[in-house]
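> So in the working numbering, spot 344 of the sequence shown is number 773, and the numbers just go up one at a time.
Glycine included, C-beta positions come from ideal geometry on N, C-alpha and C.
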Amino acid sequence: MHKVLRIDTTSYLVLGTFIMEWDEGSIMADELLSSKESAHMYAKRLAELALVLGFDGWLINMEVKIKHVPNLKEFISHLTQMMHSSVPGSLIIWYDSVTTSGKLDWQNQLNSSNKAFFDLCDGIFVNYTWKESYVNKSAEVAGDRKFDVYMGIDVFGRGTYGGGQWTTNVALDVIKKNDVSAAIFAPGWVYENNDKNEFQTLQNRWWGLVEKSWGVVRKYPHRLPFYSNFDQGRGFHISVEGMQICAVNWNNISSQSYQPFLEYPEESDVRSVQCFIDFKEASYSGGGNITFQGSLEKDAATILRLFEGDLLLGSTSVFLSYSARSRGSSLLGLVLHLSSATNERKKVLLTSDGNSLLTMEKFSSQFNHMITPHQVTKLETEPGWTISNFCFAFEEHMLTKISALCYKLENIVNVQATPGSSSRSIPMFAAGSDYYAVLGHILINGYAQNFQFPPSTSWLLENQYIKWSSASQESNLSIKLTWRLKNGNADMFSRYNIYVSKISPSSNENLVDVIHGLEEYVGVAETEDFYVSDLVIPSGISTLKFIIQVCSLDGACQKLEESPFLQLEVENLL
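1) Less than 9 Å between the beta carbons of F821 and L910, yes or no?
2) Helix, strand or coil for F880 per DSSP?
3) Which value, in whole angstroms, describes the spacing of the CA atoms of S930 and E903?
4) Applying the 10 Å Cβ sphere with the 16-neighbour rule, what's the burial state of E621?
5) Counting Cβ pairs, one atom from each stretch, are 3 or more of them under 8 Å apart for the segment 719-734 and the segment 670-685?
6) If I measure Cβ to Cβ from L741 and keep anything under 6 Å in the same chain, skipping five residues before and after, which residues do I get?
7) If you check the beta carbons only, do L508 and A476 fall under 9 Å apart?
8) Classify P884: buried if its beta carbon has 16 or more other beta carbons within 10 angstroms, exposed otherwise.
9) Within the continuous beta strand (DSSP E) that includes P802, where are the two ends?
10) Enumerate in chain order the residues of its own chain whose CB-to-CB distance from S899 is below 8 Å, with the five nearest sequence positions on each side excluded.
11) Check whether the Cβ atoms of N500 and S463 lie closer than 9 Å to each other.
12) On the CB-based measure, 16 or more other CB atoms within 10 Å of its CB, does K496 come out buried or exposed?
13) Helix, strand or coil: which one does DSSP assign to M921?
14) May I ask which residues mark the beginning and end of the beta strand (DSSP E) holding P967?
15) Please report the residue range of the alpha helix (DSSP H) in which F504 lies.
16) With V609 as the anchor, note down where its alpha helix (DSSP H) starts and where it stops.
17) Taking the C-alpha atoms as reference points, what is the distance between R634 and E466?
18) Within 10 angstroms of its Cβ, does V941 collect 16 or more other Cβ (buried), or is it exposed?
19) Which residues mark the beginning and the end of the beta strand (DSSP E) in which H469 is found?
20) Would you decide whether H798 is buried or exposed? Buried here means 16 or more other CB atoms lie within 10 Å of its CB.
21) Label G917 either buried or exposed according to how many other C-beta atoms from any shown protein chain fall within 10 Å of its C-beta, with 16 as the threshold for buried.
22) Would you decide whether F447 is buried or exposed? Buried here means 16 or more other CB atoms lie within 10 Å of its CB.
23) Inspect the beta-carbon positions of L995 and W912 and report whether they are closer than 9 Å.
24) From which residue to which residue does the alpha helix (DSSP H) around A571 run?
25) Taking only three categories from DSSP, how would you classify I970?
26) Just mark P967 as buried or exposed, buried being the case when its beta carbon has 16 or more other beta carbons within 10 Å.
27) Can you give the Cα-Cα distance for A919 and P993, rounded to whole angstroms?
28) What residues are listed by DSSP as bridge partners for C986?
29) Ignore the nearest five residues each way along the sequence and tell me which others in D660's own chain have a CB closer than 7 Å to its CB.
30) Give a yes or no on whether the C-beta atoms belonging to D548 and I521 are separated by under 9 Å.
31) Give every residue of the same chain whose Cβ lies closer than 7 Å to the Cβ of S642, excluding the five residues on either side of it in the sequence, and list them in chain order.
32) Exposed or buried, which one is A833 when buried takes at least 16 other CB atoms within 10 Å?
33) How about L488 and F576: are their beta carbons less than 9 Å apart?
34) Can you check DSSP and say which residues form a bridge with R647?
35) Please report the Cβ distance between A468 and V516, rounded to the nearest whole angstrom; I am assuming they are in contact, meaning their Cβ atoms lie under 8 Å.
36) Alpha carbon to alpha carbon, how far is W535 from M511? Give it in angstroms, no decimals.
This is the structure in structure tokens:
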């Protein structure tokens, strides 16, 4: 549905949409552009809105006839200037709709009829029904700003070049060939017009078309710390450090983590082991994981890409940690692909914790270096994650890729060594059989890092905007929580998990300590504010304890019993 003004905030670069259309839009456009002063005033309001709400610019789409074109130019110019001064790195993009004559006439290219608007802002989103020759013509008109030309592609295929849908890459190939940019509209087609039960598979297949055409454009890790739990900002449960804390369907795109560069095979490509983002199986952190599933023949192993990096390793040691779990004799290691200053290529295997000696014997000829974990932690709680920690140093090497190594070892069996000698137990590599392993997270950090969370007393917690609704059996509370460090800033923290303990008179003998096991997960905040809406309070509850679990950039979370908290007496809320 189109709205005059629409903002969808995430933790990624995002533009609000400002659109005028139909009769109502024509009336509003006349008012907005009635004078130069009016155009400046509305531009200022839009810039203020972007600054306060924390997003990165506007897409301006005037799909109405314009009576006052000079004032429209003033509006675009002033909005661009205001945004650039208030939000560094922001963008104002003009949509190819109205022309410099004021007529609503989609050009499907950058030309003399719309270039005046292009010159006043950061780019143009070209309408979808362009022809192949229009791409090169637009690039020529743009000159040295050709990458500011975004050729539109409608994934639904409504008049778009190449047909969109499963042939979206046809348009992308032409756009890339002519060195301009692409604007992909409505990739939600994959969900809306296909089998929703197969959405994840189809989604991977569609984005695989984009990668096939344009390759990998953005690489990470490129700086430390690097942490990914593969969260896509949605799921059916939430976990924190291997423990499930919530079991409801949820969607919060701000919780997205760095996404892996998984390779999705063509329909005809049958691989022994497939890997995919899984939302149903238990996660180590957040709501997703990478699942590896299939079969491996005897002595076989499979290397699957996870990330393509651009990280320069310095002279100091690097710390790497990952969590995994598997079934049977399935094992999961990591492979680091390195490049030296002289372009020497190396592959380094970080072995799984199981039977490292045999693993090293097996793969000694395939890798330049093999490193065993210096510390292994096995969580006792289900589903039984194993965290493997490594320390290594490869001075002046570039980490260019991280892959997963899927392999198997047979269970321990007795083998007779020689006649007359005693039998000995050794592990054997498995024959062809089912393979199953799950990767929960990856962390890479400087080894010297020894981060300590500030004590709970370092925080100032307050509450605002209390609303209490009473009923016979239960009540509802809506409240805004805020927290600030008394000294310093919170740049080293990535998020805050919010919990509440609902305490009855019989359980509040020691309110200083968190009543472990009674904490109820409420939500997560990216900022130092959180609004609790309609929290159910059963009758008989006398005290509420809101706990703010601080999480660092490397994915670590402060212990609940050491986290800052705000304690409220129910009688004072009535």
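In brief:
1) no
2) coil
3) 16 Å
4) exposed
5) no
6) M827
7) yes
8) exposed
9) Counting along the chain, P802 falls outside any beta strand (DSSP E), and DSSP gives it neither H nor E.
10) L1003
11) yes
12) exposed
13) coil
14) 958-967
15) 498-515
16) Per DSSP, V609 belongs to no alpha helix (DSSP H) and is neither H nor E.
17) 50 Å
18) Only weak support is given to the placement of V941: the predicted model assigns it a pLDDT of 42, under 50, and the value that follows is read from those uncertain coordinates. V941 is exposed by the Cβ-count criterion.
19) First-last for H469: 465-482, but that is the alpha helix (DSSP H), not the beta strand (DSSP E).
20) exposed
21) exposed
22) buried
23) yes
24) 561-571
25) coil
26) exposed
27) 14 Å
28) C980
29) S684, Q685, S686, G715, G716, G717
30) no
31) N598, L601, D602, K605
32) buried
33) no
34) None, per the DSSP bridge assignment.
35) Between V516 and A468 the Cβ distance is about 20 Å, and since that is not below 8 Å, they are no contact.
36) 27 Å
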